[in-house]
Each structure stands twice: as structure tokens, then as C-alpha cells.
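**Q**
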Amino acid sequence: MTRTWLFKSEPDEFSFDDLLTRPDQTEPWGGVRNYQARNHLKEAGLGDRVLIYHSSIAEPCVAGVAEIVRTAYPDPSAFDEASPYHDPKSDPEAPRWFAVDVRAVARLPRPVTRTAMKAHPALAEMRLLRRGMRLSILPVEPDELEVVLALGGWELRDVQPVDL
DNA sequence: GCCAACGTTGGC
DNA sequence: GCCAACGTTGGC
């Protein structure tokens, strides 16, 4: 069963366009240091869709769609003393933090702004839009995915992983 | 820049 | 185990 997730990113740090420039349009997604978000990361399965959401900008939006191409593995940055995400309490024998690899599917024909999502009645229950929601990795319901894609000028079949 | 919401830390 | 203090996130 293919699920959908929403990954937050500050585009100044890493944007959907950055993902498109990576080799094979694939990038490890790590540095998540919140247990609830980590648990979501560990649930992500091969081929799950990912909405890439740009936060902390004037107009926060979903910029594009990616997919999981490697499921959770120990996050190397946790063991890297030079990394800002270094966690001395994470033991390589029992890793605390995990990363996944994501590959771009495509940019949305038009970005779906937070404002547009908030204005849509079908998205009233969307996790992302709840007050005080700070999790950087969130599940997205199937019907919510359809609405977001429609707002972005796409339909669900446009993001079916090709190998399914 | 403000501030609400929330997570983490550490004293007790 | 409680809870105050503090730090961070992220929309506005």
C-alpha cells in the first residue's frame, strides 16, 4: 500500500529545485531530530510519495513530488562530529536517528500555497494545517493528496511510480 | 520581528 | 516524576 508523506524543507537550505539537480535526482533526507517525525520516517516504504513543502518563506507551499527510493537507514550525520546534526547520544550500535533517500518525481505545474490549502474545505483536517504543527515529517491522507495535486494542476495518475 | 506551540533539559 | 526554564519551529 503506497502512502504519502509531507517533508518540510527550508528552500534556502534545500529546495525542490536542488533535488532536481542532484545525481539521479536523488538525495538522502536526514537530520530529523524529533522522535515523532523519526517514527514517520521509519514507516515510509519504497515507492511512497513525498510532497516536498517549502517552509519559513513568505509564501510557504508544496513545490513538488518525490518518492522514497531507499527506506530508513541509520542517519550518518548523527555520528559525524562535524555535522550540525551530530548527536553524541546516538550509539552506532543502536542508532537513534534515521534517514531515507528521496528521488524527484516532478515539480508541480504550479506550487500549492499554504493559503490555497487552507482555503480548501477538503483540506480542513490536514495535519500540516493544524495549529502549532511543527513536525517536519507528516503523513498525508489519500484524499488530501488528490486535492493538493489538483490544486497544483496535476492528477493522481501523474505521480504513480512508473514501476508499479 | 513577534509570538504561540511544543520539545527538551535539568534541578529538585 | 514533576515542572520551570529555555530553545526551536515556523506562520504571520
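Under numbering that gives the first Met the number 0, the first residue of the first sequence is numbered 0, with each subsequent residue one higher. Ideal Cβ positions, reconstructed from N, Cα and C, are used throughout, including at glycine.
Does the beta-carbon distance from G46 to A98 come in below 7 Å?
**A** Against a cut-off of 7 Å, the Cβ pair of A98 and G46 comes out as no contact.
**Q** Helix, strand or coil for H39? Go by DSSP, reduced to three states.
**A** Residue state, collapsed to three classes: helix.
**Q** Going by Cα to Cα distance, which pick from P120, K117, P94, G44 is closest to M0?
**A** G44
**Q** For T112, which of helix, strand or coil comes out of DSSP?
**A** strand
**Q** Would you call the region 110-119 and the region 76-93 in contact, with 3 or more CB pairs under 8 Å?
**A** no
**Q** Just confirm the distance between the C-beta atoms of V101 and E66, as a whole number of angstroms; I'd bet it's less than 8 Å.
**A** Between V101 and E66, the beta carbon gap of about 7 Å places them in contact (Cβ cut-off 8 Å).
**Q** Does the Cβ-Cβ distance between L40 and L5 come in under 7 Å?
**A** no
**Q** Would you call the region 124-136 and the region 72-81 touching, i.e. three or more CB-CB distances under 8 Å?
**A** no
**Q** Determine the direct distance from the alpha carbon of A62 to that of D157, and round the result to whole angstroms.
**A** Spanning the two alpha carbons is a distance of roughly 15 Å.
**Q** Under a three-way DSSP split, which group does V146 fall into?
**A** helix
**Q** Rounded to whole angstroms, what's the CA-CA distance from P75 to A123? Just pull it up for me.
**A** 37 Å
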